[in-house]
Structures are given as C-alpha cells and as structure tokens.
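All remarks here apply to the structure that follows.
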Amino acid sequence: MRWWSVANFVSNAGTWMQLTVQNLLVLQITGSAAATGLSMSVQAGPALFMSLLGGAAVDRWSRKLTAAVSQTLLGAVAFVTAVLVALDRLDMTSLLVLAAVTGTIATVDGPACALLGNDLVPAEDVPSAIGIGSMVHSAGRLVGTALAGVTVGFLGTAAAYAANGLSFLFVAAVVPFLRPAPGAAPAAGPEVAVAAGPDTTVREGLRFFAGRPRLVALAGITGISAVFGRNYGLTLAVLVTGPLAGGAGAFGTVSAVLAVGGILGAFLGARLRRPSVRLVGTLAAAGALLQLAAGLSPSVAVLLVLVLPMAVVESVSDTAGTSVLQTDPPPHLRGRVLGAWSSIGTVWSLGGPPALGLLMELAGARGALVTGGLLVAGAIGAGFLVRARRTVRPVALPTKPGGEPAGRETLSTAA
C-alpha cells in the first residue's frame, strides 16, 4: 500500500502538471478560451459513452494486468505528445485526437486502479485506503500544478509531457510487485467472473445499480451537490473578485484554504469504519448550509473562516460516498458499477458548469451560492423525510364491528 500510494502521488503530480500545461498550450495555439474548454470536454467525453464498457473489462480481466497496460498506454500518449511539441508539429486537431485517446484509456484505467488499491488492504480498511488515496490526490494536485510553471519556464512544454509519461511508467513498474492483503475482497478476473455466473455483461451492472436504492440515492445526493454546489473554483472566484472586491491574490488564498481543508477532510475520512449513504447526505446538507452562509459573507476574512469547514465536510462526504460505491456491490460487479457511476458523473461535470453559470447570470454570485445551498439542503432533507415515512409505518390492529380492538381481554390479561 505504501508503494502504491507513492506511485499514485507521482502519477497525480504528473497528470496535473500535464493538465495545467495543456490548457496553456491550447491558449498558445488558438488564443481562444473556448478552445481550451473544448479540449477538456473532448478528453472527458469518452467517459460518457464508454465507461460502462471499461468497467466490464475491469470485471473480466486481472486488475493488475489492466492497470499496468493502461498506465503504459497513457505514458505512450504523453511521450507522443511531447515529441510533437518538441518538433513543433502539434496542432489543434492532433491535440484533440490525443485528448480523446487519453480519455478512452482512462475509462478502463480509472476503475482498475481504484479497485486495485482496495485489494491491498483488508475489507474493513477500505475506507482508510480511499481516504489515503484522496490525500495523495490532493497533494499530487498541489505539487503538479506548482511544478508545471517551473518545468515550462526552465525546460519547456515538451518536458512537462515527458515527465508525465515517466510518471505513468513508474506506476506500471510498481504494479507487478503489489500483493493483495490477507482478508481483502477477491479480485476480479476471469475466474471470478465465471464463478459469479454467465451474465457478466454491462446490462447486469446497470440492473444492479438501478435496483439498489442506496446507490440511486447516493447518485442523487452527489448529482445535486455537483451541479448546485462544490463548483467553488467558479462561484467563489466570482464572489471574491466581484461583491467582495478582492483580487487574484485573495482568490489564491481562498483556493489554498480549500486545498488544506480537502487534505484535512481526507485524513478524517480515512478514519471512517462504516460509511453510509445517510452520512453522505448529512455531510452534503451541512456543506450546503455552509455554502449558503459563504454566499452571505460580508468580507473575504469571514469567507475564509467558512471555506475551511466547507472543504473538510466535502472531502469527508466524498470519501464516505466512494467507500459505499466501491464496497456495496459484489466483487464481480464493482467494475461495471464504477463504470455506470463514471458515466453519470460525466453528465454532471459537462452539464453542471453551464447550469451554474446561467444561475449566476440570473442571480449573481451571492444568489447562486445561496440558492444552490437551499436547493441541495432542501432536496436532501426531503429525501430523508420520504425515507423516514417509508420506514416507519403504523400497524393497524384488528377491530370488532363497533371499532373496539379485538382481543382486548387477552391484552389486559397479558398486561
């Protein structure tokens, strides 16, 4: 698990370095911010249509082999991009094609690496493993984003892509030496798929997801939170630079506090033992109320006080939700369930920012934060009430024609 965490840190740092440089590269080639968004959408697009197939592949093949091959292929794409940049032969068409290839490989790589990490610890420690993974991801993002500017400034854009390629190869080199922990859930593979039964298709994964109320509820909570909350890079940027009259430095401070809160939340989430959908909903509602308060902040100082618990609550909620998602399905279905989840999440990531942007156009930054917080907290609260009414049902006693409960004498004697 230690080797896997180190490898993921290196890989995340390389990935965020490349993502940062890629946005700058698109702006350099086209001079268009819209083209930058297009490149991001093209890379995320394959997850919408192919994640289910990627999850099915993870359920059929060995996770170690799948992760090693997918990491090697991602490294090859990064090296090809580095060569094209170094030779000044990379145009917008080539970049979009390479982004689409990267997104397609990621539909297999994502669930394979996620489930492989869970295999390295006993089943009861999976929430801790997910929390560690979240901390590694946050730390890698900070380091990779910082290294991007340094690498481009001293070595050039091609060096950033080459460094990312090396980070993928490092992960691929570590994978063969990983061993499942005693007590871990049985890993997926051909023998597990055969033992589970003949129906190992995408349809089985969708049927399981749709027929599992707690997973449907988790999808609803995460979806409404993703659309009307959590897009703090957009909403807080407009709030700080607009109504609060802060500059880029003030927003940088807010972003740093968000990152610190995310790491603290991942640490707390790693201590969870029995995460549940109810816990995810409670934390999401608490985060929505904090978001509402943040929208009413009179100054940047007050906003900073609210931003830290917002980030902590969001991170713990994410860790708990991921734990439920990765442990609730039987082992032979987990890849397909993660694939279905990835497809749903892509819908949120593609449709959420435009919807939030429209809300900000109509209500402003404060109005968007307050309205979004009310919608998220209200929807989750309504869901809890519906669930409570379905769980607690009055029991009707048999009655005599006059309306008196039957068997009163027996009840009195028993009393």
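Be aware that the sequence shown starts at 2, since it is given in this note's numbering, and climbs by one per residue. C-beta atoms are modelled at their ideal positions from N, C-alpha and C, and glycine is treated no differently.
1. Cα-Cα, which of Gly224, Pro332 and Ala246 is closest to Phe209?
2. For the putative contact between Gly374 and Gly230, defined by C-beta atoms under 8 Å, what is the C-beta separation to the nearest angstrom?
3. According to DSSP, simplified to helix, strand and coil, what is Thr73?
4. Please report the distance separating the alpha-carbon of Leu273 from that of Gly46.
5. Below 7 Å CB to CB, which residues in the same chain sit around Val59 once its five sequence neighbours on both sides are set aside?
6. Please report the straight-line C-alpha distance between Ala260 and Gly322, rounded to a whole angstrom.
7. Could you check whether Thr16 and Ile131 sit closer than 8 Å to each other, using their CB atoms as the reference points?
8. Quick one: residues in its chain with C-beta nearer than 7 Å to the C-beta of Ala369, no 5 flanking neighbours on either side, listed in chain order?
9. Taking the straight line between their C-alpha atoms, what separation do you get for Val78 and Leu179?
10. For Met51, which three-state DSSP category applies?
11. My assumption, with CB atoms under 8 Å, is that Leu85 sits in contact with Leu91. Please give the rounded CB distance.
12. Could you spell out where the alpha helix (DSSP H) holding Leu237 opens and where it closes?
13. For Ser316, is the classification buried or exposed, using 16 other Cβ atoms within 10 angstroms of its Cβ as the cut-off for buried?
14. Under a Cβ-count criterion, where at least 16 other Cβ atoms within 10 Å of its own Cβ denotes burial, should Asp89 be classed as buried or exposed?
15. What separation, rounded to the nearest whole angstrom, lies between the Cα atoms of Gly352 and Gly224?
16. Classify Ser300: buried if its beta carbon has 16 or more other beta carbons within 10 angstroms, exposed otherwise.
17. Any idea what DSSP makes of Gln29, helix, strand or coil?
18. If distances are taken between C-alpha atoms only, which option among Val176, Tyr233, Ala211 and Val151 comes closest to Ser63?
19. Using a Cβ-Cβ cutoff of less than 6 Å, which residues in the same chain neighbour Val172 once the five nearest sequence positions on both sides are dropped?
20. Under 8 Å by Cβ, that's how I've got Leu309 and Gly262 pegged, so tell me the actual separation to the nearest angstrom.
21. Closest by CA to Leu240, which one among Val303, Gly382, Val151 and Ala164?
22. Closest to Gly384 by C-alpha separation, out of Gly55, Thr347 and Ala218, would be which residue?
23. Ordered along the chain, which non-local residues of its own chain (more than five positions away) have a Cβ less than 6 Å from that of Leu265?
24. Within the continuous alpha helix (DSSP H) that includes Thr320, where are the two ends?
25. Judging by CA-CA distance, which residue of Met2, Ser298 and Gln23 is the nearest neighbour of Thr152?
26. Note down, in chain order, each residue of its chain lying with its Cβ closer than 8 Å to the Cβ of Pro244, except the 5 sequence neighbours on either side.
27. Would you mind working out which of Ser42, Val27 and Leu20 sits nearest Ser423, comparing C-alpha positions?
28. Taking the Cβ atom as the reference point for each residue, do Leu148 and Ala14 lie within a distance shorter than 8 Å?
29. I'd like the list of long-range same chain contacts for Ala48, defined as Cβ closer than 6 Å, with 5 residues on each side in sequence excluded.
30. Starting from Phe229, trace the alpha helix (DSSP H) in both directions and tell me its first and last residue.
31. In its own chain, which residues sit with a C-beta less than 7 Å from the C-beta of Ala159, not counting the 5 before and 5 after it?
32. Excluding five sequence neighbours on each side, which residues of the same chain lie with their C-beta closer than 6 Å to the C-beta of Leu339?
33. Less than 8 Å between the C-beta atoms of Pro354 and Asn165, yes or no?
34. When the Cα of Ala271 is compared with those of Ser135, Leu54, Thr31 and Thr94, which residue comes out closest?
35. Starting from Glu205, follow the alpha helix (DSSP H) in both directions and report where the run begins and ends.
For this structure:
1. Here residue 209 refers to the residue found at position 208 of the sequence shown. The residue with the shortest Cα to Cα distance from Phe209 is Pro332.
2. On the sequence shown, position 373 is the one that residue 374 refers to. On the sequence shown, position 229 is the one that residue 230 refers to. With 8 Å as the limit, Gly374 and Gly230 qualify as a contact, their Cβ atoms being about 7 Å apart.
3. Working through the sequence shown from its first residue, we reach residue 73 at position 72. Correct three-state label for Thr73: helix.
4. Here residue 273 is taken as the residue at index 272 of the sequence shown, counted from 1. Here residue 46 is taken as the residue at index 45 of the sequence shown, counted from 1. Cα-Cα distance, rounded: 33 Å.
5. Start at 1 with the first residue of the sequence shown, and residue 59 comes out as number 58. Closer than 7 Å at the Cβ level, and outside the excluded window around Val59, lie Thr67, Val109, Pro112, Ala113, Leu116, Ala189 and Gly336.
6. Mapped onto the sequence shown, residue 260 falls at position 259. Mapped onto the sequence shown, residue 322 falls at position 321. Cα to Cα, Ala260 sits roughly 19 Å from Gly322.
7. For the purposes of this step, residue 131 is identified with residue 130 of the sequence shown, where counting begins at 1. For the purposes of this step, residue 16 is identified with residue 15 of the sequence shown, where counting begins at 1. Result no, Cβ atoms of Ile131 and Thr16 do not sit closer than 8 Å.
8. For the purposes of this step, residue 369 is identified with residue 368 of the sequence shown, where counting begins at 1. These residues qualify, in order along the chain: Thr236, Leu357, Leu360 and Met361.
9. Translated into the one-based positions of the sequence shown, residue 78 becomes position 77. Translated into the one-based positions of the sequence shown, residue 179 becomes position 178. Spanning the two alpha carbons is a distance of roughly 25 Å.
10. For the purposes of this step, residue 51 is taken as residue 50 along the sequence shown, with counting starting at 1. Three-state DSSP puts Met51 in a helix.
11. Residue 85 sits at position 84 when you count from the first residue of the sequence shown. Residue 91 sits at position 90 when you count from the first residue of the sequence shown. Confirmed, about 4 Å.
12. Residue 237 sits at position 236 when you count from the first residue of the sequence shown. That run of the alpha helix (DSSP H) goes Tyr233 to Thr242.
13. Along the sequence shown, read from residue 1 onward, the residue named residue 316 stands at position 315. So Ser316 counts as buried.
14. As a first step, residue 89 must be located in the sequence shown, where it is residue number 88. Looking at its Cβ environment, which holds fewer than 16 other Cβ atoms inside 10 Å, Asp89 is exposed.
15. The residue given as residue 352 occupies position 351 in the sequence shown. The residue given as residue 224 occupies position 223 in the sequence shown. If you take the alpha carbons of Gly352 and Gly224, they lie about 11 Å apart.
16. Residue mapping note: residue 300 aligns to position 299 of the sequence shown, counting from 1. Burial call: exposed.
17. Position 28 of the sequence shown, counting from 1, holds the residue named residue 29. Helix at Gln29.
18. Along the sequence shown, one-based indexing puts residue 63 at 62. Its Cα nearest to that of Ser63, the residue Val176 stands out among Val176, Tyr233, Ala211 and Val151.
19. If you number the sequence shown from 1, residue 172 lands on position 171. Here the set comprises Ala8, Ser12 and Gln72.
20. Locating residue 309 in the sequence shown gives position 308, where the first residue counts as 1. Locating residue 262 in the sequence shown gives position 261, where the first residue counts as 1. The Cβ separation is near 5 Å, so the contact holds.
21. As a working mapping, residue 240 is identified with position 239 in the sequence shown. It is Val303.
22. Here the question's residue 384 lines up with position 383 in the sequence shown. Selected option, being the one with the closest Cα: Ala218.
23. As a position in the sequence shown, residue 265 is number 264, starting the count at 1. Correct list, in chain order: Val313.
24. Here residue 320 refers to the residue found at position 319 of the sequence shown. In the DSSP assignment, Thr320 falls within the alpha helix (DSSP H) that extends over Val301 to Thr328.
25. Numbered from its first residue, the sequence shown carries residue 152 at position 151. The residue among Met2, Ser298 and Gln23 with its C-alpha nearest the C-alpha of Thr152 is Gln23.
26. Taking the first residue of the sequence shown as position 1, residue 244 is located at position 243. Once the five neighbours on either side are set aside, the close Cβ partners of Pro244 are Gly365, Ala366 and Arg367.
27. Since the first residue shown for the chain is 2 and the last is 416, residue 423 is missing from the structure and cannot be characterised.
28. Here residue 148 corresponds to residue number 147 of the sequence shown, with the count starting at 1. Here residue 14 corresponds to residue number 13 of the sequence shown, with the count starting at 1. The answer is yes: Cβ separation under 8 Å.
29. On the sequence shown, residue 48 is found 47 positions in, with the first residue counted as 1. So the qualifying residues of the chain are Thr108, Ser343 and Thr347.
30. Taking the sequence shown and counting its residues from 1, one reaches residue 229 at position 228. Where Phe229 is concerned, the enclosing alpha helix (DSSP H) stretches over Pro214 to Phe229.
31. Within the sequence shown, numbered from 1, the residue matching residue 159 stands at position 158. Within the same chain, Ala159 has close Cβ partners Ala83, Val86 and Ala87.
32. Here the question's residue 339 lines up with position 338 in the sequence shown. Gly56 and Pro112.
33. Translated into the one-based positions of the sequence shown, residue 354 becomes position 353. Translated into the one-based positions of the sequence shown, residue 165 becomes position 164. Cβ atoms of Pro354 and Asn165: not closer than 8 Å.
34. Against the sequence shown, residue 271 aligns to sequence position 270. For the set Ser135, Leu54, Thr31 and Thr94, the Cα lying nearest the Cα of Ala271 is the one of Ser135.
35. Within the sequence shown, numbered from 1, the residue matching residue 205 stands at position 204. Its alpha helix (DSSP H) spans residues Val203 to Ala211.
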